[in-house]
Amino acid sequence: MSINIQLIQSSGAAVKDLGVQVAEHFYNYMFTHFPEVRKMFPGDMTEQRIRLFNSVILIATTIDNLEVLVPYLKELGISHIKYDTRPEHYPIVGKSLLNTLKHFLGAAWTQEMAESWIEAYNLASTVCIEAAYEAMAPSRFVPVTIDDVPPAV
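Shown next as structure tokens:
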């Protein structure tokens, strides 16, 4: 299955006009179906909802521009290290996103659209995870030496 770029872009455009209610539904779905991840998020989700919504729209609108999309996804993956985001969290987000899109797109949500979003999400997740892994690579560790310690007085 390949990604149908037009379907990703058109579905992104369709939910764009709905605003942050899309992100609100996403988080309600995720926290209801995967309550174990709730502790990873702030109590006040206002800003987080806006960030998620903007991210989904950016991905949908730049799906055909890898020069913009890939660096964004790499930075997104690296920035999620501070939240202790792990590879096993990405399927939770993916399931929540796909169910949210299906909810808002209704009859426009087709098998081909679902397959395109699955393919796009899995590729995006892979870029994020690999960037985070590279940023945390053990080879980046520089051991402390005696030269790093002030001399004894």
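Numbering-wise (the UniProt record's numbering), the sequence shown opens with residue 1 and increments by one.
From the three backbone atoms N, C-alpha and C, an ideal C-beta is built for every residue, glycine too.
With C-beta atoms as the reference, is residue i less than 8 angstroms away from residue j?
i             : j             : result
leucine 76    : serine 55     : yes
isoleucine 63 : glutamine 9   : yes
methionine 40 : aspartate 84  : yes
lysine 16     : isoleucine 57 : yes
What separation, rounded to the nearest whole angstrom, lies between the Cα atoms of residue i and residue j?
i              : j                : result
asparagine 122 : leucine 97       : 12 angstroms
glutamate 36   : glutamate 88     : 12 angstroms
arginine 51    : phenylalanine 26 : 12 angstroms
glycine 12     : methionine 136   : 32 angstroms
glutamate 134  : valine 144       : 21 angstroms
tyrosine 90    : alanine 152      : 49 angstroms
lysine 74      : leucine 66       : 12 angstroms
glutamine 48   : glutamate 119    : 25 angstroms
glycine 19     : glycine 106      : 16 angstroms
Please list the segments of the alpha helix (DSSP H) lying wholly inside the stretch 32-92, counting only runs of 4 or more residues, in order along the chain.
-> Runs found: 46-61 and 66-79.
Does the stretch 124-133 touch the stretch 97-107, meaning 3 or more C-beta pairs lie closer than 8 angstroms?
-> Because the criterion of three Cβ pairs below 8 angstroms is not met, the stretch 97-107 and the stretch 124-133 do not touch.
Give a yes or no on contact between the stretch 108-121 and the stretch 3-23, applying the rule of three or more CB pairs nearer than 8 angstroms.
-> The stretch 108-121 vs the stretch 3-23: in contact.
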